[in-house]
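Numbering (our numbering), first residue to last: 196 to 436. C-beta atoms are modelled at their ideal positions from N, C-alpha and C, and glycine is treated no differently.
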């Protein structure tokens, strides 16, 4: 396992437009299952071989949260989402890239560019591979959702020793009525419970970012008190109900 650390210069924050952001990275080649699990517990996000956490000066709005899957209660609204997807087929595999996935990814991001003013970056096969396929090791998986034979949602996850880390999810806007983003998260919670894993590591919650605000709805959850070093014990705080 090879590791190289570095950090970015200040750039425009992708979540709060009136602020700058700075990120610390660890580039890790051949990351082990156990090391990835420890990084997840300390709030690191993984894309490919790159593990990152925020180190923004004077701002701590990016709260790393984890849902308590074992104590999560499915509401009537959640059950309606599940019932809408009775005919949706689910397959789990290692991450992959092909034309079908690349087209779906592009379609989703063009939709979000119009809906929420996301900055659009078109990915080619190599870039998609570097971000979502490479570095999966023993822990990275892809959960695919199909309506008939049509791929309508791709949910990329890491499985750690105490939970599931949500890496990235994208879905077909033509099937928005199925609430596929919510459905995929509910299936993560179900998968964790079936696998005796307690947590769903949901990445960043930013209160004033519309795209991330939904995460506050999935209680009970805990918030990482501080983004600590790898040799420090992480402290997670219970959310207020």
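Check: Decide if the region 267 to 276 is in contact with the region 307 to 323; the criterion is three or more beta carbon pairs, one per stretch, under 8 Å apart.; Outcome: no
Check: In whole angstroms, give me the CA-to-CA distance for residue 293 and residue 332.; Outcome: 19 Å
Check: At what residues does the beta strand (DSSP E) containing residue 348 begin and finish?; Outcome: 345 to 354
Check: Considering residue 276, what are the terminal residues of the alpha helix (DSSP H) in which it resides?; Outcome: 271 to 279
Check: Restricting to Cα atoms, I'd like to know which of 213, 196, 219, 210 is closest to residue 204.; Outcome: 219
Check: Please state whether DSSP places residue 388 in a helix, a strand or coil.; Outcome: helix
Check: Can you tell me whether residue 383 is buried or exposed, with buried defined as 16 or more other CB within 10 angstroms of its CB?; Outcome: buried
Check: Please state if the CB of residue 247 and the CB of residue 239 are separated by a distance shorter than 9 Å.; Outcome: yes
Check: Which residue from 313, 380, 330 puts its Cα closest to that of residue 291?; Outcome: 330
Check: What runs of the alpha helix (DSSP H), each 4 residues or longer, lie entirely inside the region 219 to 246?; Outcome: 228 to 236
Check: Per DSSP, what kind of secondary structure is residue 265 in: helix, strand or coil?; Outcome: helix
Check: Within this structure, are the beta carbons of residue 243 and residue 349 separated by less than 9 Å?; Outcome: no
Check: Does DSSP put residue 342 in a helix, a strand or coil?; Outcome: strand
Check: Based on DSSP bridge pairs, tell me the residues matched to residue 336.; Outcome: 352
Check: Just reading off the beta strand (DSSP E) that residue 198 is part of, what are its end residues?; Outcome: 197 to 202
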